[in-house]
Structures are given as C-alpha cells and as structure tokens.
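Peer 1:
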Amino acid sequence: MLLQVSTPVGLDQDLEVGLESRFLACPEIEPAFAVPLSDLCEPTDNGMCPMTKAPFSVAGYGGFAEFLARGMPDMSQWYETLFANFGRSYDKEVYTQGTVGEVDFVERELGGDRSKRILDIGCGTGRHAVELARRGYDVTGFDLAEGQLRVAREKADAAGVTIGFQRRDATEPHFDQEFDAAILFCGGAFPLMETDEKNHAILLHAAAALRPQGKLIMTTLNALFPLYHSVKDFIQANEVGSTTSEVTFDLMTFREHSELTFTDDAGVSHTLKTNERYYTPAELRWLLRTAGFSTIDIFGSHLGEFSRDHALTPDDFEMLVVAEKGE
Ligand SMILES: C[S@@+](CC[C@H](N)C(=O)[O-])C[C@H]1O[C@@H](n2cnc3c(N)ncnc32)[C@H](O)[C@@H]1O
Numbered sequence: 015m016l017l018q019v020s021t022p023v024g025l026d027q028d029l030e031v032g033l034e035s036r037f038l039a040c041p042e043i044e045p046a047f048a049v050p051l052s053d054l055c056e057p058t059d060n061g062m063c064p065m066t067k068a069p070f071s072v073a074g075y076g077g078f079a080e081f082l083a084r085g086m087p088d089m090s091q092w093y094e095t096l097f098a099n100f101g102r103s104y105d106k107e108v109y110t111q112g113t114v115g116e117v118d119f120v121e122r123e124l125g126g127d128r129s130k131r132i133l134d135i136g137c138g139t140g141r142h143a144v145e146l147a148r149r150g151y152d153v154t155g156f157d158l159a160e161g162q163l164r165v166a167r168e169k170a171d172a173a174g175v176t177i178g179f180q181r182r183d184a185t186e187p188h189f190d191q192e193f194d195a196a197i198l199f200c201g202g203a204f205p206l207m208e209t210d211e212k213n214h215a216i217l218l219h220a221a222a223a224l225r226p227q228g229k230l231i232m233t234t235l236n237a238l239f240p241l242y243h244s245v246k247d248f249i250q251a252n253e254v255g256s257t258t259s260e261v262t263f264d265l266m267t268f269r270e271h272s273e274l275t276f277t278d279d280a281g282v283s284h285t286l287k288t289n290e291r292y293y294t295p296a297e298l299r300w301l302l303r304t305a306g307f308s309t310i311d312i313f314g315s316h317l318g319e320f321s322r323d324h325a326l327t328p329d330d331f332e333m334l335v336v337a338e339k340g341e
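Here the numbering used here is used: the first residue of the sequence shown is 15, the next is one more, and so on.
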C-alpha cells in the first residue's frame, strides 16, 4: 500500500507501508496521522515527537489495523472537494455571471467563424461551452469534477445542444491538434494546481490540443494586484459568494492561502484551506512561450466584458490572455 504523507515539517513523501510496519501516530501530522516509525523519527524519552513536539503513541500491528479500519485519510486536493458537489451553487457565484459577454469575445477572436472547433478546459458547469454550442460551434468540454460535469450535461440537454463533456485531468495529455481554439476561463484549473509544474503542464497540453495557429484564450489571477494593493484591499477583493477568510499572500511563492467556507448543493457546509497561484504577466508570458505559444497578448479581465481595449493594470484582479500557437 502506498501512503502519501504530507506533513507540516517538510517531510512530504510517498511511503510503501505494510502490515508488519510499526507506526508513529502523531496528532500534528496531517493529513496522514500514521507513518512508519523507522522512516520518520525515533521517539524521545519524554514521549514527544522530536519534530512536531506533539505527544506520540507507538502502534504495532494492532494500531495499524485500527488505522485501516478508520479509513485512509482524505488525500483530495481542496479543489476536488470544493467542486465535488457545488455546480448549482457555483452558477450563482458573482464571478460566473458574465458568460454571454465573455463568449462574444471568443467569437470576435475567431472572426465569427462558427465552423471552428473549440475545447473548453476545466469547463466546470459548461456555461461557456453551452453558450458557444448554442451559437453553432462544435465544442468539447472537460473537467476533473464529475459533479461539475453533471450540471454541465443537464444544461446542455436543457439548451438542446450536443457537447462531448468528458471527465479528464488537464495536467495529463489529452487531445492532439484537434482544435482551432481552447478556452480556460475563470482559471479553468490553471492557477489552482498545487505546483508550478502542474500549472505549466496544463498549458503544454492545451498547446498540444491545438492546430498550428490555434488560439488559447484564458483568464487567470494577476500577481500585480496583490503586489500593488494593501493586504486589506486584497482580502476585500477576495470576499465573494462563499466566505473566504484568513487570507494571506506568500511573497516567496506568489500563492494566496485562505480558508473557504461554502455550502455544497446538498446544503452541507464545509471549510477548506485553499491555495491559488498568482502569476505576473512576465511569468505567464514565459510559461506560454515554453509551452509552444508564439504571439501572446495580455489584457485586463473585466467580468462579462472581455476586450482587447482593456490594458492590464495592477487594479485588474485577473488577466485575459490570448496566445497563438506557433507553426
Ligand atoms: C473556477 S472553475 C472554472 C470553470 C469554468 N471554466 C468557468 O469559467 O466557469 C475551475 C474548474 O476547474 C476544474 N479543475 C480543477 N482541476 C482540474 C484539472 N486538473 N483538470 C481539469 N479540470 C480541473 C474544477 O473542477 C472546476 O470545475
């Protein structure tokens, strides 16, 4: 059995564990609460974990059996938990209310040619995909969350359009030069990933899915905003729909960490620790270039009013990017 251990003391690792292993149970080590004793640390005389300083208990075979009986700890990323059953509530969030104007921009970028094939990456509840299909485009949408796709399929049925909605991971290879355009809106997975490598992989695979000169149109978080504004402004800008608190911005990683409280579609309240990456325009340009895009234009993203006329400023919470794939 492979147990992924993520600890606050910098010991992230995958451990091969077996029933014969002895375990250290330490309440400060999360999300896994049991790790092989020999691989981690030796107990000290006073019965405290030398790294976390928390009391530990050593469990042998019986302890591990109990650990298994309690079930493996939840290893899901925060965005998997958030989007598991949130589609209906998601569609009521303030930032999802600009769909028609955003799709108008996509149409302008494609010269109004409705024969174009469009891929919606991290399509969520399919709000852009459905609107594009309604206008006659051939659209494929994919998302990691089955809960989001369920709502997307219902919306496509209600609109009388056919869209190939699929469950896929944008960090893994997907399509090969099949599309004229790809959209990645509202992040559409991009800044949500836990590592820069995964975010970059999303752009690489988006480029691979496009034909030469195909366009990637995306919006993502603008690092100029938290750099330029006071912490107070930054926190207020984040207070949308579901409640966000404990917001911090880490200048070493350009990641916003916060606590998100939301109610899922079944009426159950959850609190999650979230973590999103803000990129500077210069970083994003470099990431896109190394992913295979040549012409890269970056604008300020205005909800429901995407336009090349909006120059990017530090007051824009998100950037709107149009990147064209090279030959
Ligand atoms: C903020 S929503 C944006 C949805 C949609 N693009 C929109 O504009 O409303 C982010 C979406 O990305 C999806 N997602 C997160 N990680 C993903 C991944 N690795 N691959 C595909 N989709 C992912 C989530 O499930 C969620 O539906």
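Beta carbons are placed, not taken as given, at the ideal position from N, Cα and C, and that holds for glycine.
If I measure Cβ to Cβ from Gly-150 and keep anything under 6 angstroms in the same chain, skipping five residues before and after, which residues do I get?
Peer 2: Excluding residues within five positions, the ones whose Cβ falls inside 6 angstroms are Arg-128.
Peer 1: Taking the beta carbon of Leu-235 as the centre, do at least 16 other beta carbons fall within 10 Å, making it buried, or is it exposed?
Peer 2: By the 10 Å Cβ count, Leu-235 comes out buried.
Peer 1: Mapping the DSSP letters down to three states, classify Leu-198 as helix, strand or coil.
Peer 2: If DSSP states are grouped into helix, strand and coil, Leu-198 belongs with the strands.
Peer 1: For my contact list, Phe-307 and Arg-291 are in at a C-beta cut-off of 8 angstroms; report their separation, rounded to the angstrom.
Peer 2: Contact flag wrong, Cβ pair sits at about 19 angstroms.
Peer 1: Who are the Cβ neighbours of Leu-146 in its own chain at under 7 angstroms, not counting the five residues just before and after it?
Peer 2: Contacts found: Val-117, Val-120, Ile-132 and Val-153.
Peer 1: Grouping DSSP H, G and I as helix and E and B as strand, with all else coil, what is Phe-239?
Peer 2: Three-state result, Phe-239: helix.
Peer 1: What's the gap between the Cα of Ala-337 and the Cα of Ala-215?
Peer 2: Cα-Cα distance, rounded: 16 angstroms.
Peer 1: When you compare only the Cα positions, how much space is there between Val-49 and Thr-277?
Peer 2: Because the pLDDT at Val-49 is just 43, under 50, the model does not fix this residue reliably, and the point stays unresolved.
Peer 1: Excluding the 5 residues flanking Ser-259 on each side, which residues of the same chain have their C-beta closer than 6 angstroms to its C-beta?
Peer 2: Same-chain partners within the cutoff: Glu-273.
Peer 1: Please report the straight-line C-alpha distance between Asp-210 and Trp-92, rounded to a whole angstrom.
Peer 2: When rounded, the distance between both Cα atoms is 16 angstroms.
Peer 1: Within the segment 271-310, note down every full beta strand (DSSP E) run reaching 3 residues or more, in order along the chain.
Peer 2: Counting whole runs of 3 or more residues, the segment 271-310 contains the beta strand (DSSP E) stretches 283-291.
Peer 1: Mind checking who Gln-180 pairs with in its DSSP beta bridge?
Peer 2: DSSP, once it has assigned bridges, lists Phe-156 as partnering Gln-180.
Peer 1: Decide if Lys-347 is buried, meaning its Cβ has at least 16 other Cβ atoms within 10 Å, or exposed.
Peer 2: Because the chain here runs from 15 to 341, residue 347 falls outside it and cannot be looked at.
Peer 1: How long is the line joining the alpha carbons of Ala-203 and Leu-241, rounded to whole angstroms?
Peer 2: Looking at the two C-alpha atoms, the distance is approximately 23 angstroms.
Peer 1: Mind checking who Arg-131 pairs with in its DSSP beta bridge?
Peer 2: Asp-152, per the DSSP bridge assignment.
Peer 1: Grouping DSSP H, G and I as helix and E and B as strand, with all else coil, what is Lys-342?
Peer 2: The first residue shown for the chain is 15 and the last is 341, placing residue 342 beyond what the model contains.
Peer 1: Could you work out which residue in Leu-301, Ala-172 and Glu-123 is closest to Ile-231 when comparing CA atoms only?
Peer 2: Closest by alpha carbon: Glu-123.
Peer 1: Whole angstroms is fine: what's the gap from Ala-143's alpha carbon to Gly-155's?
Peer 2: The straight-line gap from Cα to Cα measures roughly 7 angstroms.
Peer 1: Residue range of the alpha helix (DSSP H) that Phe-217 falls in?
Peer 2: In the sequence under discussion, the amino acid at residue 217 is Leu, which differs from the Phe named in the question. 210-223 is the extent of the alpha helix (DSSP H) around Leu-217.
Peer 1: With 16 other CB atoms within 10 Å as the buried threshold, where does Pro-187 fall?
Peer 2: The residue in question, Pro-187, is exposed, as its Cβ has fewer than 16 Cβ neighbours within 10 Å.
Peer 1: Counting C-beta neighbours from all protein chains within 10 Å, is the total for Leu-334 16 or more, i.e. buried, or is it exposed?
Peer 2: So Leu-334 ends up on the buried side.
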